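As structure tokens, the structure follows; a few thoughts come after it.
Number of protein chains: 2
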Amino acid sequence: MAQRKKKTGKAGKKTARKVGKTAGRAAARVATTTTRRKKKLDGLDKKTLSLIESTAERVQKKIRSRVLPELRFPIRSLSNVKYDRRVGYFQLGKGAKTRALSVNTVKNFAQTLRLMSISKDMVENDDFATKREAYYVSKNWGDAKFTDQPESDAVMDDIEALASLDGLSREQLRFYPEEHGGSVAGNLVVIDRDTETGRDIRIDCTGFGTGSYSIPHSVEHLRFETDARFVIVIETGGMFQRLNNHKFWKSARCILVEMGGVPTRATRRFIRLLSEAKRIPVYAFVDCDPYGIANIYRTLKVGSGNAAHINRFFCVPKAQYLGVTPQDILDFKLEDATHPLQPVDVKRAKDALKNDPFFKAHKPWITALNKLLKMGVRAEQQALAKWGLNFVIEEYLPVKLKKKSFLP
Amino acid sequence: MAQRKKKTGKAGKKTARKVGKTAGRAAARVATTTTRRKKKLDGLDKKTLSLIESTAERVQKKIRSRVLPELRFPIRSLSNVKYDRRVGYFQLGKGAKTRALSVNTVKNFAQTLRLMSISKDMVENDDFATKREAYYVSKNWGDAKFTDQPESDAVMDDIEALASLDGLSREQLRFYPEEHGGSVAGNLVVIDRDTETGRDIRIDCTGFGTGSYSIPHSVEHLRFETDARFVIVIETGGMFQRLNNHKFWKSARCILVEMGGVPTRATRRFIRLLSEAKRIPVYAFVDCDPYGIANIYRTLKVGSGNAAHINRFFCVPKAQYLGVTPQDILDFKLEDATHPLQPVDVKRAKDALKNDPFFKAHKPWITALNKLLKMGVRAEQQALAKWGLNFVIEEYLPVKLKKKSFLP
């Protein structure tokens, strides 16, 4: 390791010069590349291209006039975050870091422009890359190649934060996460487009029997038709399957979404777009434990601290917490189907009460979390099976939906 | 803990008597319960009911004639497993354990019959329970209730092993695992049935746009229509999304299945039923590393050792290994997009060569694994992006599919 460092040190200047050239070429390439294949670009695509091109042109101009260029990125950390109840999610502050081209930053500088160049190609060709693929593509960049994925992820996060200021998410840059999407069933027609012909494809989510619709990795282009009264987002696959097999979506006129734990970006964005486009409420149905409340539900509703630059796209501020609530444990007599809170649960709940701006801003949550801590137990959504497998469909959900006393 | 044990010890006989009664009642209940709602039972349903009823009647008869009943279960362990290349998967041996009703076994005995009783209800009412739900249902069983889920899982595994001798899987008993299913896109129509009307539902897997069909938790009732030439099962969601967005299934006339790591039971069963019903080959496309080979692919193809009683349902003996192979790393010049094998990788590969009856039975695999160990590197399927994001579609897959030199 020491030897390797020394080598890098010796070859430092030479590498910097070479990579400097690469950075220049990358900028030139971004600024001049022509579209390979004509594809109808939508408004967000044009905005993305405009951002990339103007950034690259600015850098190229500086380099041509022999001035060292710089790039400015928003700072991504809790220290640069604010929470406003009316806005509904953690927002990025005004803090920014500037990266000027120098011997030390030249590789990173070149990589940033290269990634933006790939992004431009992908927008123009209606393609995409996973973060992992983007890392591998760099293997052909000579000295500018990424050593490992954390390196490429960090550069991508910077670009994403930059783009977020223009209302663009990473998905618009065409970098998709490697993740499993959620599943959907119920009173919803999803309108996608055929990637070959560009024509509309109508996907009727009432038509999949015991199966369901699997959300794609990017959902920005989807449109919706529905007469559903609400969306119910469900923590576990088993509960989703139960509600789907018994066509709860039909009797309750709703849409079911399976999150499978903390929902993926695509799932959160899907729910957000759907709830906004159709102005329907979103009810979360998760386990009554600090993880279900402070991780799954909180992330769904307001986002997370270390990803403040993307919360504006991915959180669902309209979401409400249907259950299972601490009060439900008493109301539905689930006491003997609970489990003791573990130290990690207690810590998580106490952290939420002490440090989390979301929970601190909502009295009903402070009361609920304190009650949970006092009871010292947690209850899973499956615990309702104590009263029969379909108690959840015949009793629990109808009672909760009629009462409408959801947690914020 | 000591105190608790003592208490159980004191109350032991009394509990045993009470639970003994419960066991008797459970057996009686199974033997006499009437169907709540008429539902068309298929052949497997009838077989399941017949197994449950005959088991319960045997126990009930013994109890009535004041003889202690017993239950026999196959032993589930590697020591009771055999591998035959022609059969293609790890098979359960003849080893069995007998559980006679006694003070020590009475609780377990009652629980076994209770679970079988739930199973009977569910078959008759076309319902199901996750393993977790089954555990919670027991909370109403008085002294026979399960203390924790490992306890109920063990009893369920015994019942499953018992049923497997009759060609019945846990899904036929209506106990579903809590898992995320895989996704499907391409030249396939899945025929499901409407849970309300019993009528056929046709699901066209070419019609999901950038999304896909999410496999349900139980697939036994599904039928298929297809003109596909093969099924390609894919390790990562990102690669699946790429092949789907570029409609690789159309140009190659095939079906795409996303496994998302080690495939779930439902996904494996889905692939198995599809490949057998339609007699089409299955090609696995996973990372070139000991995990992709010895865990994901091996589990898909022949099953696993500690679940020998279910391999016959869930493995896909017809599966072949398309890639990424160690030879591909050389043929497609991926050397600089590889990662060094970690000690855990080396251990896994050596274990496979030394202890795994599947790899030991196939010379090409011995050669391939030794080559991988000698090269000392691993390559992910995304590494192909080194040559361009769609190199996999334009070059790699066409070349491999034309050559057809798959690993067994």
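The listed protein sequences correspond, in order, to chains D and R. Quick note: the first sequence uses the numbering used here, first residue -17, plus one each step. Quick note: the second sequence uses the numbering used here, first residue -17, plus one each step. Backbone N, C-alpha and C fix where the C-beta goes; we use that ideal spot for every residue, glycine too. All of these numbers come straight from a predicted model, not from anything done at the bench.
Where residue i falls, given that 16 or more other Cβ within 10 Å makes a residue buried
i: Gln(-15)/R; result: With a pLDDT of 38 at Gln(-15)/R, under the threshold of 50, the modelled position of this residue cannot be trusted; read the value that follows with caution. Flag for Gln(-15)/R reads exposed.
i: Ser101/D; result: buried
i: Val137/D; result: buried
i: Arg211/D; result: exposed
i: Lys382/R; result: buried
i: Val298/D; result: buried
i: Pro325/R; result: exposed
i: Gly180/R; result: exposed
i: Arg250/R; result: buried
i: Asn337/R; result: exposed
i: Leu312/D; result: exposed
i: Pro132/R; result: exposed
i: Asp24/R; result: exposed
i: Thr129/R; result: exposed
i: Ser257/R; result: buried
Close-in-space but distant-in-sequence residues of the same chain around residue i (CB under 6 Å, 5 per side omitted)
i: Val374/D; result: Leu366
i: Val306/D; result: Cys270, Ala361, Gln363
i: Arg67/R; result: Ala343
i: Thr281/D; result: Val244
Where residue i falls: helix, strand or coil (DSSP)
i: Thr87/R; result: coil
i: Ile185/R; result: strand
i: Arg280/D; result: helix
i: Gly180/D; result: coil
i: Ser165/R; result: strand
i: Val171/R; result: strand
i: Ala266/D; result: strand
i: Leu256/R; result: helix
i: Arg40/D; result: helix
i: Arg224/D; result: helix
i: Ile237/R; result: strand
i: Phe373/R; result: helix
i: Arg54/R; result: strand
i: Leu379/D; result: helix
i: Ser387/R; result: coil
i: Arg251/D; result: helix
i: Arg261/R; result: coil
i: Arg156/D; result: coil
i: Phe230/D; result: helix
Same chain, Cβ closer than 7 Å to residue i, neighbours up to 5 away in sequence not counted
i: Tyr378/D; result: Phe314, Leu366
i: Pro322/D; result: Gly358, Val359
i: Pro308/D; result: Cys270, Ala350, Lys353, Leu354, Met357
i: Gly427/R; result: In the structure as shown, chain R begins at -17 and stops at 390. Residue 427/R is therefore absent and cannot be evaluated.
i: Thr94/D; result: Leu53, Val137, Asp140, Ile141
i: Trp347/R; result: Phe341, Leu389, Pro390
Same chain, Cβ closer than 8 Å to residue i, five either side skipped, listed in chain order
i: Leu150/R; result: Leu26, Lys29, Thr30, Leu33
i: Val119/D; result: Ile100, Ala111
i: Leu371/D; result: Arg224
i: Arg40/D; result: Pro51
i: Ile183/R; result: Ile173, Asp174, Arg175, Asp176
i: Ser84/D; result: Leu50
i: Trp231/D; result: Ala167, Gly168, Asn169, Thr188, Ala210, Leu225, Ile237, Leu238
i: Ser134/D; result: Gln93, Leu97, Lys113, Ala116, Tyr117, Ser120, Phe128
i: Arg453/D; result: In this structure chain D extends from -17 to 390, so residue 453/D is not present and cannot be described.
Residue j beta carbon less than 7 Å from that of residue i
i: Ala145/D; j: Pro56/D; result: no
i: Phe295/D; j: Ala259/D; result: no
i: Thr192/R; j: Asn227/R; result: yes
i: Ala248/R; j: Arg330/R; result: no
i: Tyr195/D; j: Val213/D; result: no
i: Phe157/D; j: Asn293/D; result: no
i: Asn62/R; j: Gly77/R; result: yes
i: Ala92/D; j: Ala126/D; result: yes
i: Gly164/R; j: Ile185/R; result: no
i: Val264/R; j: Ile278/R; result: no
i: Glu153/D; j: Glu202/D; result: yes
Distance cut-off 6 Å: residue i Cβ against heavy atoms of the ligand COA
i: Ser286/D; result: The ligand content of the structure shown is nil, which means the ligand COA is not present either.
- Query: Which ranges does the alpha helix (DSSP H) cover as unbroken runs of at least 4 residues, wholly within the region 283 to 369 of chain D, from first to last along the chain?
  - Reply: As far as the region 283 to 369 of chain D is concerned, its whole alpha helix (DSSP H) runs of at least 4 residues are 290 to 296, 308 to 313, 325 to 337, 339 to 342, 345 to 357.
- Could you pull out every unbroken beta strand (DSSP E) segment of at least 3 residues lying fully inside the region 56 to 136 of chain R, listed in chain order? Listed in chain order, the beta strand (DSSP E) runs fully inside the region 56 to 136 of chain R are 63 to 65, 72 to 74, 78 to 82, counting runs of at least 3 residues.
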